[in-house]
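Numbering (my numbering), first residue to last: 154 to 414.
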Ligand SMILES: Cc1cc2nc3c(=O)[nH]c(=O)nc-3n(C[C@H](O)[C@H](O)[C@H](O)COP(=O)(O)OP(=O)(O)OC[C@H]3O[C@@H](n4cnc5c(N)ncnc54)[C@H](O)[C@@H]3O)c2cc1C
């Protein structure tokens, strides 16, 4: 079975103070290190776990991003993915979620994917639109918020997270599944995995390889555009109550004054 995982590179949440460029109104990426989206690490692990259960299958990591997205993809290979495909092209800069879905769908169609894994949302743009967009472009069923997944007689079967527990939902393959965040423990790359990743196949594609017209993606094809950017209002400092034995009364008075009790 050909299992594909769509993974995204995001500015390193631990090191980056996101700055927006007032001219382009886009994230300043120079000097910013990109890492594999932490949410996608759990999704890659879900795909690897299923591959190992099924046998005779492969896990392919797919990403659309700048050249330096390679580092994050090498991590996916070190975690255990079998090969990786990066779509990178200057014309993709400024792509909105629908353009991203269009490009990823073109790769997945070219590769005849049997099962596609995505996380429910990324940790930077977090529109949550890409998985549904891919399923739409490929006319595939989408099973969302999976916390468990198995494959039985050419069907994908998931346990879908619900407010009260879960539902079992199934769809015929090929299909797309989104993994609910935190549902699968992320595999930690071993030294053997890191060394082995260097030998694994890593291909790079550009728009021409996918017969996608540059006018449909990037800044040129974006259906949405940022008009203005502004910084969030500073929140007023809260009131600090020192417990001099009357803290409870102070809090009750405060809540009453706010007409909350
Ligand atoms: C702060 C910010 C705000 C944005 N706001 C918007 C907006 O309002 N509308 C809009 O159309 N675009 C917006 N974008 C652009 C959008 O983030 C990109 O188009 C992005 O590539 C896809 O959207 P997402 O991160 O929201 O993905 P989501 O749909 O949240 O991502 C869900 C999953 O889809 C897969 N996936 C997403 N992107 C990729 C990728 N590049 N390669 C491989 N797999 C991927 C991953 O599995 C990911 O976990 C915004 C970007 C930023 C940084």
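Positions of the beta carbon are idealized from the N, C-alpha and C atoms, including for glycine.
Small disclaimer: the values here were computed from a predicted structure and weren't measured.
The beta-carbon separation of residue 365 and residue 204, rounded to 29 angstroms, does not stay under the 8 angstroms limit for a contact. Taking residue 232 as the centre and dropping the five residues before and after it, the same chain places the C-beta of 197, 340 and 342 closer than 6 angstroms to its C-beta, in chain order. The beta carbon of residue 232 sits no closer than 8 angstroms to any heavy atom of ligand 1. Excluding sequence positions up to five before and after residue 182, its CB lies within less than 8 angstroms of the CB of 164 and 219, all in the same chain and listed in chain order. Distance from the Cα of residue 319 is smallest, within the candidate group 307, 326, 386 and 302, for 302.
DSSP assignment within the region 163-212 yields the following whole beta strand (DSSP E) runs of 3 residues or more, N-terminal first: 187-189. Under the three-state reduction of DSSP, residue 360 is assigned to helix. In the DSSP assignment, residue 409 falls outside any beta strand (DSSP E) and within the unbroken alpha helix (DSSP H) covering 400-410. Here the alpha carbons of residue 242 and residue 360 stand approximately 6 angstroms from one another. Under the DSSP assignment, residue 337 falls outside any beta strand (DSSP E); it carries neither an H nor an E label. The beta-bridge partner set that DSSP reports for residue 157 consists of 213 and 269. No Cβ-Cβ contact shorter than 9 angstroms links residue 213 with residue 250.
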